[in-house]
Amino acid sequence: MVAFGLFDDWHPEPGRLTTWTASPQSRAAVRRAPAHDVGPSYQQEAYLRAAQRNDVAGLRVSRICMISFDIPGVPDQRAMTATVNAFLRRHDTFHSWFAPERGEWFVRHVADPADIDFTPATYGEFTDLGALRERVQAETPGPFEWDCFSFGIIERPDSFTVYAAVDHLHTDGVAQALSCVELLLLYGTEISGGTLALPPVDGHIGYCARERRLNGQLTLESASVARWVELLRRNDGQVPHFPLDLGSAGGYSRSAQLTIPLLSETDMLRFDQVCEEHGGRFFGGLFAAVALAEFELTGKESYFGFTPANTRFLPGEMDSVGWYTNLIPVVVPVESVGTFTALVAAAQEATERARDLTDISLHRVLELVTPDLGIRTRPGFAAPMVSYVDVRKMAGADMFDAIKGGLYGSDGSSGEVFLWVNRMNDVTTLTLLFPDTPQAHASVDRYVQKLVTIVTTVAADGDYVVRVPALS
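All residue numbers for the sequence shown refer to the numbering used here, where the first residue is 182 and numbers rise by one.
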């Protein structure tokens, strides 16, 4: 099944490296691109602001998202050049670059796709994987450069590894899977001499316009804004935070990562069954377990957390590459609940209710709030998130084993804890990204032990009895 991890988890076979990056002529032409009246999405704007603030500290807050897969045979450099350029010209997120305007907002510039030209350069044999990973990251600029994406192959006598490294500004998890499938299709068509009529896609720029238009109509009297404000006020006016001490004084620090197996497929099916028998599904069961873990560790009687939602809505956006996500709130009351099975239906309902806010940006809500509302969170916030991906349902999932497909990310930096649960054919894994401090390592270990105990007990025994925390 598809591999997940950070760059250090990427272990391609050594070989000769060839990369594709923008030609000097292409860079110059794109930098002359005119301003566009559609700005970045709210999520992109917040991401750019975080990158801008932390560039001064020498930290790369922005993340590189990379796909990797193997192809048998000898690579055709001409075909790969055509593939890369066709891919970049097809998706308009890659036509955009953003410039800060008086430090207050970011102006989008949109290039003519015909000006996009990525060309190959060969660097010779790489046997040191550490050096190879460093080279790939070094060749992928940050989000304030238009060409914050690069491509390459690692060539061996009878096969080669293809990678595409893209700053998070232009991609998300769904887009990574879509990119893998599309690059394979485009390359296969080029080497066969055939023609490939890919279905047209609606661009990410159109999505940003729709999001800005919808959110621009909101006021403090809007029901969705009032709901966000109420959730924040119940949480002392703040976004959620990881329930245990991370040992940092706020802001961002270097990241650490932990990945462990959570459930075998047999145990996963049993966990699914327990959830379904008590009015939930796996996603609700996951949040029931997370809410109980936080309650047992801290005594907090109502869980408040975020999960990312896919904001692709129009038919033409389903195959579109870009950053189509928004954070939505999940609230699970735990007070007086004695068992997992007594909570799972309410947790499931909470995840479904959260989807009502899929198109409403918290960043926009924070622009609207007034001081008298008691909202302490400010734009630029960091908040933990819990994400679940059923990898089996991703585009191209059936072929990932055969091509050694993988999705990887740079460690970047973080000020919070991000948690991913990924379900594969034979195992469901738990991955956490968190600040690389001694206290954060200890707290995350403690949290993971609690969460794993709850989930595995449900799978083994059919339920979990809540332990009332003894807090000092």
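Glycine included, every Cβ here is placed at the ideal spot set by N, Cα and C.
The DSSP assignment places complete alpha helix (DSSP H) segments of no fewer than 4 residues inside the stretch 207-274 at 223-236 and 258-271, in order along the chain. Judged by beta-carbon spacing, PHE330 lies within the 8 angstroms limit of ASP348, meaning their Cβ atoms are closer than that value. If only uninterrupted beta strand (DSSP E) runs of at least 3 residues are considered, those enclosed by the stretch 472-555 are 483-491 and 506-514. In terms of Cβ geometry, ASP592 and GLN438 form a close pair [threshold 8 angstroms].
Secondary structure note for LEU399: it is in no beta strand (DSSP E), with a DSSP letter that is neither H nor E.
If you draw a 10 Å sphere on the C-beta of ASN606, you find fewer than 16 other C-beta atoms in it, and that means exposed. In the displayed model, TYR645 falls within coil according to three-state DSSP, outside both helix and strand. Comparing alpha-carbon positions, the option among ALA345, ASN603 and VAL513 lying closest to PHE476 turns out to be VAL513.
Minimum Cα-Cα distance from PHE188 among the listed residues MET449, ALA621, ALA319 and THR551 corresponds to ALA319.
For MET575, the closest C-alpha among the options GLY486, GLY428, ASP500 and VAL420 is that of ASP500. Between the C-alpha atoms of PHE485 and PRO421 there is a straight-line separation of about 6 angstroms.
Counting the other CB atoms within 10 Å of its CB gives GLY590 a total of 16 or more, which places it among the buried residues.
Following the DSSP letters along the chain, one finds MET566 in no alpha helix (DSSP H) but inside the beta strand (DSSP E) bounded by residues 566-571.
Comparing alpha carbon positions, the residue from LEU377, PHE487 and ILE584 closest to ARG534 is PHE487. Measuring C-alpha to C-alpha distances from ASP448 to each of ASP644, MET580 and ASN266 identifies ASP644 as the nearest. Here the stretch 394-401 does not lie against the stretch 288-308, with fewer than 3 beta-carbon pairs under 8 angstroms apart.
Straight through space, the alpha carbons of VAL511 and THR532 are spaced by roughly 6 angstroms. Assigned with DSSP and collapsed to three states, THR558 falls in coil, not helix or strand. For GLU320, the three-state secondary structure derived from DSSP is coil. Taking 8 angstroms as the cut-off, the beta carbon of THR274 is found no closer than this to the beta carbon of HIS217. Secondary structure note for THR618: it is in no alpha helix (DSSP H), with a DSSP letter that is neither H nor E. Across the structure, GLN224 and ASP582 are spaced so that their CA atoms are roughly 32 angstroms apart.
Between GLY323 and ARG241, the gap from beta carbon to beta carbon is short of 8 angstroms.
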